[in-house]
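Asks: First the structure, which I've put down as structure tokens, then a few questions once you've had a look.
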Amino acid sequence: MGKQHINIDHPLNILRNSPHYTSDPHFRRRVDMRIAREQKFAGGRLFNLDIEITTICNLACRTCYNVSNKPQIMTVEQFSRILADARQLVECLEMDGLWLTISGGEPLTNNWIWDMLQLAQGPDIKGIAIITNGTLINQETAKLMESLGISEVMISLDGASAQTHDAIRGQGSFARTMRGVEILIKYCSNIFLGCTMTLTTLNMDNIEDYVDLAFQMGFNYVWINPPIYCGRIVQSELDISYEEHLRIMKLVRELDTRYFRQAFAVYYNVPYYPLTDPISPYLDLSTACPWGRTNLTITADGSVLPCLYSRDLCLGNIFEQSLIVLYHSSVLEGVRNGSLLAEPCCSCLYREFCGGCRARTYYLTEDWFAADPWCPLVRGLNEEQVRVFPSNLPKEKVGGN
Numbered sequence: 001m002g003k004q005h006i007n008i009d010h011p012l013n014i015l016r017n018s019p020h021y022t023s024d025p026h027f028r029r030r031v032d033m034r035i036a037r038e039q040k041f042a043g044g045r046l047f048n049l050d051i052e053i054t055t056i057c058n059l060a061c062r063t064c065y066n067v068s069n070k071p072q073i074m075t076v077e078q079f080s081r082i083l084a085d086a087r088q089l090v091e092c093l094e095m096d097g098l099w100l101t102i103s104g105g106e107p108l109t110n111n112w113i114w115d116m117l118q119l120a121q122g123p124d125i126k127g128i129a130i131i132t133n134g135t136l137i138n139q140e141t142a143k144l145m146e147s148l149g150i151s152e153v154m155i156s157l158d159g160a161s162a163q164t165h166d167a168i169r170g171q172g173s174f175a176r177t178m179r180g181v182e183i184l185i186k187y188c189s190n191i192f193l194g195c196t197m198t199l200t201t202l203n204m205d206n207i208e209d210y211v212d213l214a215f216q217m218g219f220n221y222v223w224i225n226p227p228i229y230c231g232r233i234v235q236s237e238l239d240i241s242y243e244e245h246l247r248i249m250k251l252v253r254e255l256d257t258r259y260f261r262q263a264f265a266v267y268y269n270v271p272y273y274p275l276t277d278p279i280s281p282y283l284d285l286s287t288a289c290p291w292g293r294t295n296l297t298i299t300a301d302g303s304v305l306p307c308l309y310s311r312d313l314c315l316g317n318i319f320e321q322s323l324i325v326l327y328h329s330s331v332l333e334g335v336r337n338g339s340l341l342a343e344p345c346c347s348c349l350y351r352e353f354c355g356g357c358r359a360r361t362y363y364l365t366e367d368w369f370a371a372d373p374w375c376p377l378v379r380g381l382n383e384e385q386v387r388v389f390p391s392n393l394p395k396e397k398v399g400g401n
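Quick note on numbering: the sequence shown equals residues 1 to 401 in UniProt numbering.
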């Protein structure tokens, strides 16, 4: 089935007609930034490349998926080679450009990061995002991000309070992260700012407080990540159950609908989250999971993964084989065309746009191609049972922080 697009005016444009768009500069900025950000992806086919420029981190979070016993630091020369190879892949796929996501480890521990970001310039680079715990951000780094045209910064924040966040990320980390966020907001007026939470038994009952904190601080969005059972979370005993996941997925949809009127987004990071949409699942027919489709991850030693969570599926090494060869591997081709997927994923109506979470499936079943055990449809629910029709929308006016 070929990809289609429904030509409708972007729903966020409705907010431009709100009186608050004229009267409230904070509201206007959120609306304009979110529309501009989403138009970057809606206007063309972008390939997202996650580049982990180091395995070193100044924290030891209990939920970290990227645990390495051997410190690795990517060099500027290696980064340059990756960038050149990625550009060849984009040209081969006849896509419109690259979206780069820089992560680690903690990427700000790599002192060469600024040289790398200077290399990542040009009309084919449509955006650069940085994933950071925020504790190393100071006035100098914030100004550098702004001057280098960084599009987006994602702050890893695992709770609405020091008690919750520090229990996962270490004593004192909440205060240092909050200080870094305040600096970013002060000096980076053009950066789309989000925070990401890894769901655990410690923070799963405080989602609403977390979203409210992010909104009040000036973030543009919140990204809620159900844990993937790899890395440190295996030993931490903080994993949530399927029933808790389903409850929170529906809550996130309610929160997203509630905060939409504020041009603030709340996302839930599973490929079947669009099933909860109150209007229609996969309305824009976009890919919910880019695993091996429009996304690859490059680790600090050059290993190529289908996504950042698929730590045990190395396709090869970019310093030994080209991305074009690795992208067309039999594994990725088999997932893209569905031939390797088990039923009901193989013949699912939404296979092209979802495909299930391959990483979660593997760590729960030891089979990369099995049916996703966390998909509500695999569990026997129908679409109407999953779809959310929020009934508790706020009555207060739109706008303001």
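All residues carry an ideal CB built from backbone N, CA and C; glycine is no exception.
Could you check the C-alpha separation between M74 and I53 for me, to the nearest Å?
Replies: Computed Cα separation, rounded: 5 Å.
Asks: Alpha carbon to alpha carbon, how far is N133 from D158? Give it in angstroms, no decimals.
Replies: Computed Cα separation, rounded: 10 Å.
Asks: Quick one: grab the DSSP three-state call for Y208.
Replies: A small fix is needed here, since residue 208 is Glu in this sequence, not Tyr. Note: E208 maps to helix in three-state DSSP.
Asks: At a threshold of 7 Å, does M74 count as lining the ligand FMN (C-beta to nearest heavy atom)?
Replies: Only the bare structure without any ligand can be found here, which leaves the ligand FMN out of the picture.
Asks: Using DSSP with H/G/I as helix, E/B as strand and the rest coil, what is F192?
Replies: Residue state, collapsed to three classes: strand.
Asks: Exposed or buried, D256, counting other C-beta atoms within 10 Å across all chains shown (16 or more means buried)?
Replies: Answer is buried; the Cβ neighbour count reaches 16.
Asks: Tell me the residue span of the alpha helix (DSSP H) that contains K114.
Replies: Just to set this straight, residue 114 is Trp in the shown sequence, not Lys. Where W114 is concerned, the enclosing alpha helix (DSSP H) stretches over 113-119.
Asks: When the distance is taken between beta carbons, is G105 closer than 8 Å to I56?
Replies: Cβ distance < 8 Å, so I56 and G105 count as in contact.
Asks: Ignore the nearest five residues each way along the sequence and tell me which others in T276's own chain have a CB closer than 7 Å to its CB.
Replies: Taken in chain order, the residues that qualify are M249, K250, R253, V386, R387, V388.
Asks: Go ahead and pull the three-state DSSP assignment for K126.
Replies: Strand.
Asks: Do G97 and M154 have their C-beta atoms closer together than 8 Å?
Replies: Against a cut-off of 8 Å, the Cβ pair of M154 and G97 comes out as no contact.
Asks: Could you check where the beta strand (DSSP E) with I137 kicks off and where it finishes?
Replies: No beta strand (DSSP E) holds I137; DSSP gives it neither H nor E.
Asks: DSSP three-state label for I6, please.
Replies: With a pLDDT of 40 at I6, under the threshold of 50, the predicted position of this residue should be treated as unreliable, though the coordinate-derived value follows. DSSP places I6 in coil when its eight states are reduced to three.
Asks: Whether or not the region 321-328 and the region 361-377 are in contact is what I'm after, with contact meaning three or more pairs of Cβ atoms, one per stretch, closer than 8 Å; do they touch?
Replies: With the cut-off at 8 Å, the region 361-377 and the region 321-328 do not touch.
Asks: Could you tell me how far apart the beta carbons of A265 and R34 are, in whole angstroms, since I believe they sit closer than 8 Å?
Replies: About 7 Å; that satisfies the 8 Å criterion.
Asks: List in chain order: all unbroken alpha helix (DSSP H) runs of 4+ residues lying wholly within the region 340-394.
Replies: Taking only runs of at least 4 residues, the alpha helix (DSSP H) segments lying wholly in the region 340-394 are 358-365, 383-386.
Asks: Hey, how far is the Cα of P274 from the Cα of A288?
Replies: If you take the alpha carbons of P274 and A288, they lie about 8 Å apart.
Asks: Assuming A263 and R30 make a contact with CB atoms under 8 Å, what is their CB distance in whole Å?
Replies: Between R30 and A263 the Cβ distance is about 4 Å, and since that is below 8 Å, they are a contact.
Asks: Go to M74, then tell me how far its alpha helix (DSSP H) extends in each direction, as first and last residue.
Replies: Where M74 is concerned, there is no enclosing alpha helix (DSSP H), given that its DSSP letter is neither H nor E.
Asks: One question on the structure: do T177 and I131 come within less than 8 Å of each other, judged by their Cβ atoms?
Replies: Their beta carbons are not under 8 Å apart, which means T177 does not touch I131 by this criterion.
Asks: Under the rule that 16 or more other beta-carbon atoms within 10 Å means buried, what is C357, buried or exposed?
Replies: C357 is buried by the Cβ-count criterion.
Asks: Mind checking P306: buried by the 16 CB within 10 Å criterion, or exposed?
Replies: Buried.
Asks: Go ahead and label P19 buried or exposed: buried means 16 or more other beta carbons lie within 10 angstroms of its beta carbon, across all protein chains shown.
Replies: Under this definition P19 is an exposed residue.
Asks: Is it right to say D205 is buried, meaning 16 or more other beta carbons lie within 10 angstroms of its own, or is it exposed?
Replies: That one is exposed.
Asks: Report the residue from G218, L340, Y309, L108 whose alpha carbon sits nearest the alpha carbon of P25.
Replies: When only C-alpha atoms are compared, the closest one is G218.
Asks: At which residue ranges does the region 211-243 contain complete beta strand (DSSP E) runs of 3 or more residues, listed in the order of the chain?
Replies: Taking only runs of at least 3 residues, the beta strand (DSSP E) segments lying wholly in the region 211-243 are 221-225.
Asks: Just tell me which of T198, P71, L136, G170 has its CA closest to the CA of L184.
Replies: The candidate whose alpha carbon is nearest that of L184 is L136.
Asks: Are the CB atoms of V331 and N317 nearer to each other than 8 Å?
Replies: Cβ atoms of V331 and N317: not closer than 8 Å.
Asks: Tell me which residues share the same chain as G302 and place their Cβ nearer than 6 Å to its Cβ, disregarding the 5 neighbours each side in the sequence.
Replies: Around G302: N317, I318, F319.
Asks: Can you give, in chain order, each stretch of the beta strand (DSSP E) that sits fully within the region 287-314 and has at least 3 residues?
Replies: Runs found: 295-298, 303-305.
Asks: Can you tell me which of the three DSSP states I279 falls into?
Replies: Coil, per DSSP.
Asks: Please state whether DSSP places I183 in a helix, a strand or coil.
Replies: Note: I183 maps to helix in three-state DSSP.
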